[in-house]
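Undergrad:
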Ligand SMILES: [Zn+2]
Ligand SMILES: [Zn+2]
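Below is the structure:
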């Protein structure tokens with residue numbers, strides 16, 4: 007079996023998070039894709055505040071981490087992968103891919119079910135799009151997402167190392183694909199075959215509902231092409247497109263306290279699963 011010394015786990019997570027965050031923050035300053043209407047000083051304290059809140063809440067609510075549960079499942083022989091004889095590497099790759107598919111399907115569901123959209127629309131209510139947008143999720147969405155991940159881990163019996171790879175990868179790619187960074191068009195088109203790029207995911211943050219309901223992938227780009235939810239570019243163009251949703255456009259809505267109550271405010275809006283027709 008693949009051996010990982012779990013003592014290093016928090017350092018691996020924090021190290022990758024810190025370095026990718028820093029690299030993206032510098033890249034955004036050096037080569038921005040769009041001129042931001044709402045700058046860092048307004049949005050970053052709230053977006054980073056909610057990351058800290060989310061991390062704390064997950065620790066308090068769940069008795070185990072996904073990696074911890076995978077270790078228990080492994081020891082007790084739970085899950086599909088323990089029933090079929092797979093080599094460790096095949097099991098690791100299959101787990102990462104299937105966990106990513108589960109997150110894609112969850113994202114589609116969060117756009118289709120009214121109560122879930124209320125939670126998820128806070129991610130879309132950011133009025134600009136940068137590395138911190140990729141970390142900005144409502145705490146209840148984070149808890150539900152964790153529940154789904156734990157279920158997949160137990161059902162599949164995913165190797166613990168696969169869960170760690172997946173979580174670290176998703177965290178890094180989410181910061182990358184929300185980056186306000188310029189990548190040459192040709193390179194972007196090549197990258198899109200292996201990872202969701204910022205230009206690809208930015209379409210998902212368009213104010214137009216047909217565009218909001220496309221490009222659901224966070225990490226692997228294949229699901230959108232496979233399930234017909236892929237949209238190459240926003241109709242208004244990457245630089246002129248409007249970021250956000252129709253609700254919550256007052257800059258005061260960028261405050262942490264407002265972000266937390268947004269699921270409970272106003273109507274559900276006009277975004278539910280609309281992929282055809284007008285905006
Ligand atoms: Zn979304
Ligand atoms: Zn996003």
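Residue numbers (my numbering): 7 to 285.
We treat Cβ as the ideally placed atom computed from N, Cα and C, and that holds for glycine.
#1: Taking all protein chains shown into account, do 16 or more other C-beta atoms lie within 10 angstroms of the C-beta of residue 155, making it buried, or fewer, making it exposed?
#2: Restricting to Cα atoms, I'd like to know which of 38, 15, 67, 48 is closest to residue 261.
#3: Could you spell out where the alpha helix (DSSP H) holding residue 210 opens and where it closes?
#4: Beta carbon of residue 184: closer than 8 Å to some heavy atom of ligand 2?
#5: Relative to ligand 1, is the shortest distance from any of its heavy atoms to the C-beta of residue 218 smaller than 8 Å?
#6: Quick one: Cα of residue 148 to Cα of residue 89, how far?
#7: For residue 84, report the span of its alpha helix (DSSP H) as first-last.
#8: What's the C-alpha gap between residue 143 and residue 235?
#9: Does the structure place the segment 245-260 close enough to the segment 208-224 that three or more beta carbon pairs sit under 8 Å?
#10: Indicate, with yes or no, if ligand 2 has a heavy atom lying under 8 Å from the CB of residue 144.
#11: Indicate, with yes or no, if ligand 1 has a heavy atom lying under 8 Å from the CB of residue 88.
#12: Any heavy atom of ligand 2 closer than 8 Å to the beta-carbon of residue 140?
#13: Run through DSSP, which three-state label would residue 287 get?
#14: Assuming residue 116 and residue 126 make a contact with CB atoms under 8 Å, what is their CB distance in whole Å?
#15: Among 245, 29, 229, which residue has its Cα nearest to the Cα of residue 109?
#16: Among 181, 72, 139, 247, whose alpha-carbon lies nearest the alpha-carbon of residue 163?
#17: Once you ignore the five residues that flank residue 279 on each side, which residues in its own chain have a CB closer than 7 Å to its CB?
#18: Buried or exposed, going by whether 16 or more other CB atoms sit within 10 Å of the CB of residue 17?
#19: State whether the segment 171-180 contacts the segment 76-93, with contact taken as three or more CB pairs (one from each stretch) at a distance under 8 Å.
#20: If you draw a straight line from the alpha carbon of residue 272 to that of residue 122, how long is it in whole angstroms?
#21: Is the beta carbon of residue 189 less than 9 Å from the beta carbon of residue 204?
#22: Please name the residue or residues paired with residue 249 in a DSSP beta bridge.
#23: Below 9 Å between beta carbons: does that hold for residue 85 and residue 169?
#24: Under three-state DSSP, which class holds residue 274?
TA: To lay it out plainly:
#1: In the chain shown, counting from the first residue as 1, residue 155 sits at position 149. Buried: at least 16 other Cβ atoms inside 10 Å.
#2: Walking along the chain shown from the start, residue 261 turns up at place 255. Cα-wise, what sits closest to residue 261 is 48.
#3: Translated into the one-based positions of the chain shown, residue 210 becomes position 204. Looking at the DSSP string, the run of the alpha helix (DSSP H) that includes residue 210 is 204-210.
#4: Numbered from 1 along the chain shown, position 178 holds the residue referred to as residue 184. Result yes, Cβ under 8 Å from ligand 2.
#5: Here residue 218 is taken as the residue at index 212 of the chain shown, counted from 1. Taking the Cβ of residue 218 as the reference point, at least one heavy atom of ligand 1 falls within a distance shorter than 8 Å.
#6: The sequence position of residue 148 within the chain shown is 142, counting from 1. The sequence position of residue 89 within the chain shown is 83, counting from 1. When rounded, the distance between both Cα atoms is 30 Å.
#7: Residue mapping note: residue 84 aligns to position 78 of the chain shown, counting from 1. That residue, residue 84, is in no alpha helix (DSSP H); it is neither H nor E in DSSP.
#8: Locating residue 143 in the chain shown gives position 137, counting from the first residue. Locating residue 235 in the chain shown gives position 229, counting from the first residue. Spanning the two alpha carbons is a distance of roughly 22 Å.
#9: A contact exists between the segment 208-224 and the segment 245-260.
#10: If you number the chain shown from 1, residue 144 lands on position 138. Result no, Cβ not under 8 Å from ligand 2.
#11: The residue given as residue 88 occupies position 82 in the chain shown. Residue 88: no, Cβ never under 8 Å from ligand 1.
#12: Residue mapping note: residue 140 aligns to position 134 of the chain shown, counting from 1. The answer is yes for residue 140.
#13: Limits of the chain in this structure are 7 at one end and 285 at the other, which puts residue 287 out of reach.
#14: By one-based count along the chain shown, residue 116 stands at place 110. By one-based count along the chain shown, residue 126 stands at place 120. The pair is a contact, with the Cβ atoms about 4 Å apart (cut-off 8 Å).
#15: Taking the first residue of the chain shown as 1, we reach residue 109 at position 103. Distances from the CA of residue 109 to each of 245, 29, 229 were compared; the closest alpha carbon is that of 229.
#16: Along the chain shown, read from residue 1 onward, the residue named residue 163 stands at position 157. The candidate whose alpha carbon is nearest that of residue 163 is 72.
#17: For this step, residue 279 is matched to residue 273 along the chain shown. Around residue 279: 117, 118, 219.
#18: The sequence position of residue 17 within the chain shown is 11, counting from 1. By the neighbour-count rule (16 or more Cβ atoms within 10 Å), residue 17 is not buried but exposed.
#19: no
#20: As a first step, residue 272 must be located in the chain shown, where it is residue number 266. As a first step, residue 122 must be located in the chain shown, where it is residue number 116. So the alpha carbons of these two residues sit roughly 14 Å apart.
#21: Position 183 of the chain shown, counting from 1, holds the residue named residue 189. Position 198 of the chain shown, counting from 1, holds the residue named residue 204. A contact, by the Cβ cut-off of 9 Å.
#22: In the chain shown, counting from the first residue as 1, residue 249 sits at position 243. Bridge partners of residue 249: 212.
#23: Position 79 of the chain shown, counted from the first residue, corresponds to residue 85. Position 163 of the chain shown, counted from the first residue, corresponds to residue 169. No, they are not a contact pair.
#24: Position 268 of the chain shown, counted from the start, is the residue given in the question as residue 274. Three-state result, residue 274: coil.
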